[in-house]
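*Asks:* Note that the protein sequences, when read in sequence, are chains E and V. The first sequence runs -3 to 103 under the numbering used here. The second sequence runs 974 to 1098 under the numbering used here. Even glycine gets a Cβ: it sits at the ideal position worked out from N, Cα and C. Bear in mind that the values here come from a model prediction, so they are computed numbers and not experimental data.
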Amino acid sequence: EIVMTQSPATLSVSPGARATLSCRASQSVSSNLAWYQQKPGQAPRLLIYGASTRATGVPVRFSGSGSGTEFTFTISSLQSEDFAIYYCQQSHNWPYTFGQGTKLDIK
Amino acid sequence: QVQLQESGPGLVKPSGTLSLTCAVSGGSITNSKWWSWVRQPPGQGLEWIGEIYHSGNTNYNPSLKSRVSISVDKSKNQFSLKLSSVTAADTALYYCTRKNYELQYLGGVYWFDPWGQGTRVIVSS
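#1: Hey, would you say E/A5 sits closer than 7 angstroms to E/K35, going by beta carbons?
#2: By the 10 Å Cβ neighbour count, where 16 or more other Cβ atoms means buried, how is V/Q1013 classified, buried or exposed?
#3: Beta-carbon of E/Y82 versus every beta-carbon of chain V: anything under 7 angstroms?
#4: Taking CB distances under 7 angstroms as the criterion, tell me whether E/L7 reaches chain V.
#5: Using a Cβ distance threshold of 8 angstroms, determine whether the segment 1027 to 1039 of chain V contacts the segment 977 to 986 of chain V, with at least three qualifying pairs required.
#6: Could you check whether the segment 90 to 102 of chain E touches the segment 7 to 20 of chain E, counting it as contact only if at least three pairs of C-beta atoms, one from each stretch, sit closer than 8 angstroms?
#7: Using alpha carbons as the reference points, say which of V/Q1090, V/E1024, V/G1080 lies closest to V/I1002.
#8: At least one CB of chain V closer than 7 angstroms to the CB of E/A21: is that the case?
#9: Who does V/Q1017 pair with in a DSSP beta bridge?
#10: In the segment 55 to 87 of chain E, which residues sit with their C-beta less than 8 angstroms from some C-beta in chain V, listed in chain order?
#11: Against chain C, which members of the segment 1049 to 1063 of chain V pass a CB distance test of less than 7 angstroms?
#12: In this structure, what does DSSP give as the bridge partners for V/W1088?
#13: Under the DSSP definition of a beta bridge, which residues are partnered with E/E77?
#14: Consider the Cβ of E/G97: report whether some Cβ of chain V lies at a distance smaller than 7 angstroms.
#15: Check for me: the beta strand (DSSP E) holding E/L29 runs from which residue to which?
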């Protein structure tokens, strides 16, 4: 099983600032990496797939990069609605696995 | 667009079988896609349970494989999850979702979208 490790567990950032989240895979997942946003009481929402492709309707302030085992997710200028938990997920090998999540807090 | 809706009992007794259904609307379940179940224990992260193709082919998470079964009903445009011998550790929010595919420069990539709203299942006597 590929283990996905996200860091940090919690990130406190001020509105308008830049947030950078990391995700590391225990073995290469090529570019088979997606990022999801989850708010309390809601289902996960797809933001990024293929490591760097924004999903339909996702604002340009969200971006992803990386391949292999190291991935980065960036929000260029945090809006109030962006404070949530973010998960990375690999679909390179079964079983598909998620990171433990990074909680983005208001500073 | 495609929408997913989970349904099923919210309370299951220990050692019993959890049974959930995901109704697909706005598109056909036979539309060359894989359909998955994902769960989220209270306050925890996401765990992929397994997936099914409309032909009936399945893939399961080895951690649950001995207890899980996913089936498809093309006539009703829905797919179902059964998890047997449940314990309190199976208490979770259960989501159904669709796996999508795209061929990119480095190869094929997959992702989950859309997701159902989730259904809460509590295992308790």
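*Replies:* According to the structure shown:
#1: no
#2: buried
#3: no
#4: no
#5: no
#6: yes
#7: V/E1024
#8: no
#9: None, per the DSSP bridge assignment.
#10: S63, Y83, Q85, S87
#11: The structure shown has no chain C; the protein chains it does contain are E and V.
#12: V/T1070
#13: Note: E/E77 sits in no beta bridge, so no partner.
#14: yes
#15: 29 to 34
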